[in-house]
Structures are given as structure tokens and as C-alpha cells.
Amino acid sequence: MMDESCPFERGQNGVGKGARDPLSERLIAIVLPDLRGGGAERVGINLANEFAAQGHRVDLVLLRAVGELLPLLDSRVCIVDLGVVRLRGLFVPLLRYLRKVRPSALLASMWPITVISAAACRLSGYGPRLVVVEHTDWSSSRERGGPARRIAMKCTMALGFRLANGVVAVSDGASDVLARVGWYPRNRITTIHNPIVGGAESRQVSGVGVAPCWSTGDHHRILAVGSLKAVKDYPTLLRAFRILLRSTDAKLLILGEGEERQPLQRLVAELGLGDDVTMPGFTVTTETFYKAADLHVLSSTAEGFGNVLVEAMAQGTPVVSTDCPSGPREILMDGRYGPLVPVGDAERLAEAMLGSLSYPQDRAALQARAKHFSVERAAEAYLSLLLPDACGKNPEVSI
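If you're matching positions, the sequence shown starts at 4 in this note's numbering and goes up one per residue.
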């Protein structure tokens, strides 16, 4: 929620009035598009809340202060709403914010926000430290759009990286790809796994209720969490689930919303799964669902990290994942904490689901592994890049 004491309030031009005193304690600004239900947005909230809990002054600078995740934000974090409708309108309001407020450090997530932030910092007139972070596995994303767009993306990304004080990717695999795509030395990219455990998820906010047809009864409860978009490859999951039903009684719950809802609903009907699959939409809090589930499945074709795997493991819920680039293999330690199956292979996915239901992973071991991805651990690594002199730590870390 908005901190009523926040001394930067948005003016009519999208830039606030009453700038903070630049001589006061240092301020960290985190730039995000909004607080709709994405993984990068949850990470930004977790970091902002943790920075504030450690006594740092934090601005969450949003293109638009909208989104279902707003209630998860700590009241000590100041929301700055730039009032920007489109990304191409971000540069001027962000530059004005930097010149007026003069934060000590800026954390910018996701291209092209990273590039725009780099340009704004360069022209700010005082040189704040800039750390840019990419949450995407660009091995798949770089193929979107035509050749001109891909060349523009690579060139602007390479320029932005060279203007930044630190470049972060959220998995080692994503770091490797980012070095190739962004024409940037791999040894200058820091891997910081996403902060999941101990974050904003524990705050009590409203969400969709647990579907009775899924949560009650003697059947196995299968859960999938993620936006309804093509990269999540829910068609493969639905086909695997139909195969699974030949061997056991189960219900599938898919939490998320997106442009693929109608095609997925048609596929559910075509596969005859209408009584066994529920898609209630997006919910802010998912802990209750993970706790109730017997198994969580990730069927994506690509993931920068794979937040939902850690979220499930933190509740002791067994997981099955496709071996997609780049995060799942790192999270599951080459299959030690859950099966990894080929992308798009419904038969293999069904086999792994049945095996995990028949011989589930030890809950305590899963929870212990999930603690590796704590908010405190990630915040320490980010602070070593944002405020290295204050931390007294080597910023070249990989966690």
C-alpha cells in the first residue's frame, strides 16, 4: 500500500513534488512496469520489502501503480507512480525523477526498461549506481519479432549493459545466454537466484478460494501455477494429465490468467477433461494451494528461473518439471529434488507425474532445498552490487 509519509508524491506531469533530501541516508530505487502478477514483479516486491526491513530507504518506481500485487508491498516502501502508459514514454519521467530525488542506486528489471534506465542514469547529472537484471531466458525470447527488432534488441541491450555498474541474470543458464545475446563478457554477469522463501507471499491478502472439487475427495491433487501463455505449454500438461488418468484418480488445478485461456478451455473440452480440470484464474497468494497439492507440475518450454518450483518446495510439495532452459535444472539440482523431463513430451511427463505420486520426495528435504533461495540471501547479493562500499563485500558473487 502507499506509505502516507512518503515525501515523493506524484504530480500532474507524472513526476513527484517535494524531493527527498539528497544529503540524507542513501535511497534505493527499484524500477518496474507495474505490480500485475508476474514473477519479476514478485521478486521486486520481495527485494523492496527486505531492503526496507533492513533499514534502507526504498522507492518502488512504477510506470503505473496498478496491479494485484500492490497489497503485498511493505508500508515502509514508497510507491512512485510515473503515470506512464507505454514504455516509450518512460525516459523523460524517469530522468526527471532521478534529477529531483537523486537515489543512490537504481535497480532496473527487464529489457527495455533496463536500457531506458541506463540512458536516464547517464544523463541524470550525478551518476547513481545502476544494476540491471534480466529475468528472461533469451534463448527463446530473442526469436520473437523480425530481424530488425532482434538486432535493435541486441544492440540496445549491449549498450545498456556497458552503462551499468552491475548486470544480473537469475540463473546460470540465463547468464550464459545473456552473455551471447547481449555481446557482454560472461564473467561480468552475476547470477543471483530469485528470492522466494520468506518473501511477500506470507502476507495475508485476499485471493481465489480453494476449489472444493479439487481440494476434497480421495483423488490426487495436481497443481500448476503460472500465466496462461504459450511459453507455459499447458497443452502438453493437459495431454499428460489425460494419460495419467488411465492409471490413477486425480484432479488438476491451474492457477493463472492470460491470453491462452480460451484455447486451453477448448482443449480441455476436446480431451474430455471438463470434470477433472479447474482453471479459476489468478490469485495473489498461493501458499494454501501448494500446501493442499500432492504434486506441482511445471510444463514450460523456457523459464528464466522457475519461481513456482521453489514456492512449491517451500511447502514440502513434490515437483515435476520439464528440463527447459534455464532455471529448473539448477533448482532441482539435475533431478535430485524432482524429475526433469524433455520439453513437450506428454508421455514422459505423465510417467514422471505418476512416479512422483507413487513415491513422493521427502518433504523436509524439499523445504531444506527451498531455503537456499531465501529473500535474505538474494538481498545481500543485490546490496553488494547496489551499495558495495556500504556492504564491504565483493560484488562478483553467484548464488
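Glycine included, each C-beta is placed from N, C-alpha and C at the ideal position. Quantities reported herein were computed from a predicted structural model and do not represent experimental measurements.
| query | result |
| --- | --- |
| Could you tell me the alpha carbon to alpha carbon distance between L343 and R332, rounded to whole angstroms? | 7 Å |
| So, helix, strand or coil for D236, using DSSP? | coil |
| Cα-Cα, which of S361, T325, Y100 and R153 is closest to V234? | T325 |
| Sort G261, P215, G41 and I119 by Cα distance to T288 and report the nearest one. | G41 |
| Using only the alpha-carbon positions, how far apart do L50 and A172 sit? | 15 Å |
| Have a look at L66 and V34 and give me their C-alpha separation to the nearest angstrom. | 8 Å |
| Can you tell me the Cα-Cα spacing of G307 and V180, whole angstroms? | 10 Å |
| Since A253 and I225 are thought to touch, with beta carbons under 8 Å apart, how far apart are those beta carbons, to the nearest angstrom? | 5 Å |
| Leaving aside the five residues before and after G319 along the sequence, list all residues of the same chain whose C-beta is less than 6 Å from its C-beta, in chain order. | R366, L369 and Q370 |
| Since G169 is in the beta strand (DSSP E), which residue starts that stretch and which ends it? | G169 to A172 |
| Only counting the same chain, and skipping five residues up and downstream in sequence, which positions put a Cβ closer than 8 Å to that of R125? | L166 |
| Can you have a look at N197 and say buried or exposed, based on whether 16 or more other CB atoms are within 10 angstroms of its CB? | buried |
| Measure the alpha-carbon distance for V104 versus R91 and round it to whole angstroms. | 22 Å |
| Which of the three DSSP states is assigned to S324 in this structure? | strand |
| What residue does the beta strand (DSSP E) around P96 start on, and which one ends it? | Careful: P96 lies outside any beta strand (DSSP E), inside the alpha helix (DSSP H) at F94 to V104. |
| Classify Q57 as buried or exposed, calling it buried when 16 or more other Cβ atoms lie within 10 Å of its own Cβ. | exposed |
| Let me confirm a value: K20 is counted as buried when at least 16 other C-beta atoms fall within 10 Å, else exposed. Which label applies? | Here K20 scores only 36 on pLDDT, less than 50, and its place in the model should not be relied on; the value that follows carries that caveat. It counts as exposed. |
| On the criterion of 16 or more Cβ atoms from any shown chain inside 10 Å, does C81 qualify as buried, or is it exposed? | buried |
| Please list, in chain order, all residues of the same chain as I246 whose beta carbon is under 7 Å from its beta carbon, the five residues on each side excluded. | A349, E350 and A353 |
| CB-CB under 6 Å to P328, same chain, minus the five flanking residues each way: which ones, in chain order? | D140, S142, G176 and A305 |
| Along the chain, where does the alpha helix (DSSP H) that runs through D179 open and close? | D175 to V184 |
| I'd like the list of long-range same chain contacts for W114, defined as Cβ closer than 6 Å, with 5 residues on each side in sequence excluded. | M160 |
| Is any non-hydrogen atom of the ligand NAD found closer than 7 Å to the C-beta of L247, if you look at the structure I gave you? | Of ligands this structure carries none, so the ligand NAD is not represented either. |
| Classify I192: buried if its beta carbon has 16 or more other beta carbons within 10 angstroms, exposed otherwise. | buried |
| For M282, report the span of its beta strand (DSSP E) as first-last. | V280 to G284 |
| So, with DSSP's three-state summary, where would you put A111? | strand |
| Assuming D444 and V69 make a contact with CB atoms under 8 Å, what is their CB distance in whole Å? | A query on residue 444 cannot be resolved here, the shown segment of the chain reaching from 4 to 402 and no further. |
| To which residues of the same chain is L73 closer than 6 Å at the C-beta, ignoring the five residues directly before and after it? | L38 |
| By the three-class DSSP mapping on this structure, what secondary structure does A305 have? | coil |
| Strictly by DSSP, which residues pair up with L335? | The partner list for L335 (beta bridge, DSSP) is empty, contrary to what the question assumes. |
| Going by DSSP, name the residue or residues bridged to A32. | D62 and L109 |
| For the stretch 276-283 and the stretch 248-267, state whether three or more C-beta atom pairs, one from each stretch, are separated by less than 8 Å. | yes |
| At the level of alpha carbons, what is the spacing between L118 and L312? | Note that residue 118 is Val in the sequence shown, not Leu. Going from the Cα of V118 to the Cα of L312 covers about 30 Å. |
| In terms of residue numbering, what span does the beta strand (DSSP E) encompassing K254 cover? | A253 to L258 |
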